[in-house]
Ligand SMILES: Cc1ncc(COP(=O)(O)O)c(C=O)c1O
């Protein structure tokens, strides 16, 4: 199979990641529960992973690296734990349902004032719109770093500046940026960065987390065993324990930790550079095919994603043909991004998303282009 669905999850994981999970499953006890060899081994792996992840994103507080099972969970924790009844929240039309649905729920249950920055015909957000909509009443601004539909990378630094000059907390959905581009949370001015482990970071599914800047208060969302302060009736207040009740996925975290080492060894800049070349190569060939329409703005920094349609064909049928007739895996439909599909005029057709990784080859891209040409003709 030619796997071009890396924005959904990376299928080809480095061997060191698989080996680390297997080793962890054979050796790790329950992290932070006691002091025998097996529990200490798990605790060390988890602690080490917090330190590595903090360094990877240039974040200076490893204890505020909170582990979750994916970015959906991280985003729900941040959104539900920060936003209070009646707060004004600004988000965008380019968001994934893991941002939209928690916000809609708060709109219905807590009457929040929810406003969206619209995307233009290329899926681009305008900073002028942020300037216009974000004001001193805004409690939270929540935006994705890169769109999982168009691959457009948002100007996070400038959006963060607009949020901060109005006193708002800035939450970033880093699902499509973590591991695929350099992310310096300090330089970008991010207050809460949510990431998933199984996409660009090459970690196992069931891993992810959030980085919570010192001073940002997020309410506990679950309560239970923590291995500390057992006689307290309340969930301990300090991070990470406040947000991590219950046994951690230390086996997955071991894999994620090895994945960060793998990326660090190559260099995230090199990974980003290779993915950029692959994306440009595919984009330049696909845009020449008669009847192919591509979505997104390829004149700026871009994630390794090219979404397109062939004539007026249903995106599901094209994706099925690619899979059944050519053995090429892509993602059709709505990509959990309903507002952006509406803005792009693709609510009913959807789009066929091709997404690449460091392990994608030019031969695979050539095969995909040849298949697209045949389908289009
Ligand atoms: C932009 C964006 N946000 C959030 C998510 C949710 O990620 P996960 O399913 O790992 O929680 C995705 C995954 O497709 C995504 O692309």
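Numbering (the numbering used here), first residue to last: 12 to 388. No residue lacks a Cβ here, since even glycine has one placed at the ideal position from N, Cα and C.
Pair within 8 Å by beta-carbon distance, residue i and residue j
i           : j           : result
residue 215 : residue 208 : yes
residue 103 : residue 62  : no
residue 265 : residue 76  : no
residue 84  : residue 219 : yes
residue 140 : residue 177 : no
residue 327 : residue 361 : yes
residue 350 : residue 51  : no
residue 82  : residue 237 : no
residue 267 : residue 367 : no
residue 54  : residue 35  : no
residue 154 : residue 183 : yes
residue 31  : residue 269 : yes
residue 163 : residue 132 : no
residue 151 : residue 93  : yes
residue 308 : residue 130 : no
residue 303 : residue 378 : no
Counterpart residues of residue i in DSSP-defined beta bridges
i           : result
residue 14  : 340
residue 318 : 306 and 364
residue 219 : 79 and 207
residue 99  : 124 and 149
residue 156 : Answer by DSSP bridge pairing: none, since residue 156 is not bridged.
residue 181 : 152
residue 136 : 130
residue 192 : 189
Residue i versus residue j - alpha carbon distance
i           : j           : result
residue 22  : residue 205 : 21 Å
residue 250 : residue 181 : 19 Å
residue 324 : residue 136 : 28 Å
residue 115 : residue 342 : 25 Å
residue 198 : residue 167 : 10 Å
residue 403 : residue 87  : Nothing can be reported for residue 403: it is not among the residues displayed for the chain, which extend from 12 to 388.
residue 101 : residue 217 : 29 Å
residue 13  : residue 330 : 13 Å
residue 384 : residue 322 : 12 Å
residue 305 : residue 47  : 57 Å
residue 291 : residue 138 : 26 Å
residue 348 : residue 244 : 40 Å
residue 159 : residue 357 : 15 Å
residue 273 : residue 25  : 8 Å
residue 256 : residue 44  : 12 Å
residue 335 : residue 121 : 46 Å
residue 340 : residue 231 : 39 Å
residue 113 : residue 359 : 24 Å
residue 320 : residue 242 : 59 Å
residue 17  : residue 310 : 22 Å
residue 179 : residue 234 : 28 Å
residue 203 : residue 169 : 16 Å
residue 213 : residue 33  : 16 Å
residue 316 : residue 295 : 13 Å
residue 165 : residue 312 : 9 Å
Closest residue to residue i among the options (Cα-Cα distance)
i           : options               : result
residue 314 : 253, 363 and 284      : 284
residue 78  : 309, 290, 138 and 253 : 253
residue 117 : 289, 276, 126 and 96  : 96
residue 287 : 99, 373 and 203       : 373
residue 143 : 45, 232 and 173       : 173
residue 380 : 354, 299 and 45       : 299
residue 71  : 169, 201 and 40       : 201
residue 29  : 175, 294, 271 and 162 : 271
residue 80  : 188, 221 and 294      : 221
residue 278 : 37, 26 and 68         : 68
residue 261 : 302, 20, 243 and 40   : 40
residue 375 : 333, 37, 255 and 20   : 333
residue 189 : 119, 280 and 179      : 280
residue 49  : 37, 19 and 60         : 37
residue 211 : 296, 27, 191 and 345  : 191
residue 99  : 90, 73 and 148        : 148
residue 364 : 275, 248, 301 and 293 : 293
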